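Chains as they are written, first to last, in our numbering: chain A, 83 to 495; chain B, 736 to 1034.
The beta carbon of each residue, even a glycine, is placed where N, CA and C say it ideally should be.
Owing to the predicted nature of the structure, the values given are computational and were not obtained by experimental measurement.
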Amino acid sequence: MRNRFARARLVAAGAVLFALVSWGVAAGRSGEQDSVMLGAAVSLTGKYSVNGKNTKDGYDLAIKRINEMGGVKVGLKAYKLKITYYDDESTPARGAQLAERLISQDGVKYLLGAYSSGLTKAIAPITEKYKVPHVEGNGAARELFTQGYRYLFAVLSTSDYYLRDAVNLAAEVAKEKGRDPKTLKIAMAFENDPFSLDVRDGILEDVKRHGMQVVADDKLPPDLNDMAATLTKVRALKPDALLVSGHEKGATLVVRQTSEMKIDVPIVATTHCDSAKIAESMGRLAEGVLCASQWDRKLSYKDKWFGSADEYAKRFEKEFKYPAPYQAAESTASVLVFADAFQRAGTLDPEKVRDAIASTDLMTFYGPIKFDSTGKNVAKPMVLYQVRGGDYKVVAPTKWAEVKLVWPRKLPE
Amino acid sequence: MDNLRLLIEAPALNLQLLLDGLLIGAIFALSAFGMALVWGVMGIINVAQGELVMLGGYAAYYLYRAGLHPLFAAPLAAAALFVGGWLLYRAVIFRVVERDLFISILATFGLSILLQQLANTLFGADVRTAESGFGTLFLLGGRVTVTVIKLVSFAAALVTGLFLILFLKRTRMGQAIRATAQNARAARVMGVDTDGVYAWTFALNAAICGASGALVAMTWVVHPYLGLPYTLRSFMIVIIAGIGNVGAVLAAALGLGMAENFAGFVLGAEYQAAFVFTLLVAILVWRRFWLARERRYLR
């Protein structure tokens, strides 16, 4: 009697256990099936940690929004997106190591980009080797797209486009004032890194096209904290435009030292001024400086995920408590490219997804995205701001210009 | 060569470069004073010198943000760094004093990485500036400009140098420091608390670096990675000037600033640092020959 009772209990326990295990397995499996894992090495420490955080925030916002809207539909099934992050410490070698780890240990089949051209350059060969689609929004060096990479795609304009518009703007103004653009003199100062040298190449092409003359062409070593020698030269040469690229430090220095040393140049243009916050932190000293940017919230782009560029910016600010920099916007756009490609491919096979990415023709809040055969986005133009009364106003391209360029730049008293 | 012609055609440029160079040199002189002191007294080459400058810069930046006039920010930054230097000595440096030079270089190198990353985590990698609000002086009808903050830095370097000489010559602690520098063991036998002397020396060095950092933040920018050029330049200045002579350190620093600025103008900014280091090698080689000749006379 007792024996039978015990057996019944055993059977019952066994049944419960079986039910639990099978439920658990089913739940586990369905959880696995329900999400697609993306991977990214981003710079959370080291010299790119500000931009690295922008990048991560951009990715996170995209993931959150896509999952809120029900995830991506691949075939008949909806999947949520997830990202595995590692900190690459702003060093290329570490970035490459982590990409290898994401792919071969964590089984990630799709990679989002790191911050900066240097890191992207280190990671691209790895994604190429494992045939893993790699969509990035923060590696702008032109040479990334001359290597014949098949799996690398960039949503941003390449770095040689950053300051071309400043040259064209100078030519436009000259024509307006009845001057031949050929008579214009250009002074340039660039940090000695791949990004800035690309910016320089782009400028040189356009300078040549207009027949202008380069009177000064300094390369600033990365550890230089002073532009006095270069600016003294600029003062003596009296150029019509001064073009500078040296990340946040270069932007800050040129603003500060041109106004302190009273270097009077009609057009002063630089990269990275929005991330260096020159209008916010230096206010009046920055008045009239031109800034290159990939994106602006005032542009009239729209998409189904975020609505307009401005709505994206508002959502970003609400989530992360700081205004959306373009570095975040382009990171968000990279995730959107993946989401769009998954849906069009109708499968999660990396090779098919890669082909779907290659044939992307997408309008986003960040701008139109369409890749050429080398993988760079050829549909989106750059914008040029002018700092006016502590704010950035779009002055070029003229199609989106909010205000007319103030020329020449008036130095603050 | 075009640049050289420009210099000859426009003599005002020479004055501009000369002034800028002298004034930049003064800021280098400050951190070099500190390095010479620590090197001479404790036998330590402090590789974290530039990081102390950087911390001074941040101290000044936050004081400035708190609404303090930058003129007061510099002494307060120095005071803050004095305390910081003392703590650093008690935590790390005391372990490497009187040990092999190689060990102290490694230890301070580690310290420099630690301070950089700490600053990056605490303050972020943003490039910041503190406004001195002093404005600019115009000479020769605006052809030469001098920012007043650079003049202040220059004065600060002279005053600090003078103060350092007086401190070492006249005060009790100064005498103890000199005694320890001459022979630590003998000083200890005579009742000098050498450990205390070392702590004082290192803290004093940190304070001088703090003041120079405050001036850097007001003249240029401050970010967590600006240390290395200051370490290298103070090292170079001390090598040229020797460790026992405050006046020579000041002269070497001013000369270096000028040489650097002219090189940046004539050769282009990319060769500015390269020129400086070539100069260092040339000076070392020349001095070796010169010393060898001296020795021959003695023989």
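DSSP places glycine 195 of chain A outside both helix and strand once states are collapsed to three, so it counts as coil. Residue nearest to tyrosine 474 of chain A within the set A:Thr414, A:Ala411, A:Thr446 and A:Pro405 is A:Pro405 (criterion: CA-CA distance).
Taking 8 Å as the upper bound on Cβ-Cβ separation, chain B lies near residues Glu342, Met343, Lys344, Ala358, Lys359, Ser363 and Met364 of the segment 340–365 of chain A. With a threshold of 16 other beta carbon atoms within 10 Å, alanine 890 of chain B falls short and is exposed.
Here glutamine 468 of chain A is bridged, per DSSP, to A:Leu372 and A:Lys475. Residues of chain B whose Cβ lies closer than 7 Å to the Cβ of arginine 282 of chain A do not exist, since the nearest Cβ in that chain is about 12 Å away. The shortest C-alpha to C-alpha distance from lysine 129 of chain A to any of B:Ala860, B:Asp755, B:Leu841 and B:Trp1021 is the one to B:Ala860. Looking at the backbone, the Cα of valine 927 of chain B and that of arginine 905 of chain B are separated by about 16 Å. Within chain B, Thr864, Trp955 and Val956 have C-beta atoms less than 8 Å from the C-beta of arginine 338 of chain A, given in sequence order. Between isoleucine 759 of chain B and valine 832 of chain B, the C-beta spacing is not below 8 Å. Between proline 959 of chain B and phenylalanine 858 of chain B, the C-beta gap is smaller than 8 Å, which places the two residues in contact. The Cβ of lysine 129 of chain A sits closer than 8 Å to at least one Cβ of chain B.
Contact annotation: the segment 411–429 of chain A does not touch the segment 205–213 of chain A, with fewer than three C-beta pairs closer than 8 Å. Closer than 8 Å to the CB of tyrosine 797 of chain B there is not a single CB belonging to chain A. Spatial neighbours of glutamate 182 of chain A in its own chain (CB-CB distance under 6 Å, excluding positions within 5 residues in sequence) are listed in chain order as Ile208. Under a criterion of Cβ atoms nearer than 9 Å, the residues of chain B adjacent to aspartate 305 of chain A are, in order, Tyr960, Leu961, Leu963, Pro964, Leu967 and Ala1008. An exposed status is given to isoleucine 838 of chain B, since fewer than 16 other beta-carbon atoms sit within 10 Å of its beta-carbon.
As the crow flies, the alpha-carbon of isoleucine 349 of chain A is around 18 Å from that of aspartate 356 of chain A. Straight-line measurement puts the Cα of glutamine 187 of chain A at about 40 Å from the Cα of glycine 284 of chain A.
Taking 4 residues as the minimum length, the alpha helix (DSSP H) runs contained wholly in the segment 284–341 of chain A are 310–319, in order along the chain.
Here valine 924 of chain B is exposed. Its C-beta has fewer than 16 other C-beta atoms within 10 Å. Residues Thr209, Glu210, Lys213, Val214, Pro215, His216 and Arg436 of the same chain have their beta carbon placed closer than 7 Å to that of tyrosine 233 of chain A, with the five preceding and five following residues left out of the count. For proline 746 of chain B, the enclosing alpha helix (DSSP H) covers residues 746–777. At least one CB atom of chain A sits nearer than 8 Å to the CB of glutamine 852 of chain B. Between the segment 306–325 of chain A and the segment 992–1004 of chain B there are three or more C-beta pairs closer than 8 Å, enough to call the two in contact. Nearest neighbour of asparagine 980 of chain B by Cα position, chosen from B:Asn855, B:Trp774, B:Ile828 and B:Val879, turns out to be B:Trp774. Taking 8 Å as the cut-off between beta carbons, the residues of the segment 255–275 of chain A near chain B are Ala271 and Asn274, in sequence order.
DSSP, read as helix, strand or coil, puts isoleucine 165 of chain A in strand. Apart from sequence neighbours up to five positions away, the residues of its chain that approach tyrosine 799 of chain B with a beta-carbon distance below 6 Å are Pro805, Ala808 and Ala865, ordered along the chain. By the criterion of a C-beta distance shorter than 6 Å, alanine 976 of chain B is surrounded in its chain by Ala983, Val984 and Ala987, once the five residues flanking it on both sides are discounted.
In this structure, the straight-line span from the alpha carbon of leucine 163 of chain A to that of phenylalanine 388 of chain A is close to 16 Å. The three-state secondary structure of valine 237 of chain A, taken from DSSP, is coil. Here glycine 756 of chain B has Leu989, Gly992, Met993, Ala994, Glu995, Asn996 and Phe997 as same chain residues with Cβ atoms under 8 Å from its own Cβ, once five neighbours each way along the sequence are excluded. The beta carbons of valine 879 of chain B and threonine 871 of chain B sit no closer together than 8 Å. The shortest C-alpha to C-alpha distance from phenylalanine 420 of chain A to any of A:Leu266, A:Val156, A:Asn133 and A:Ala333 is the one to A:Val156.
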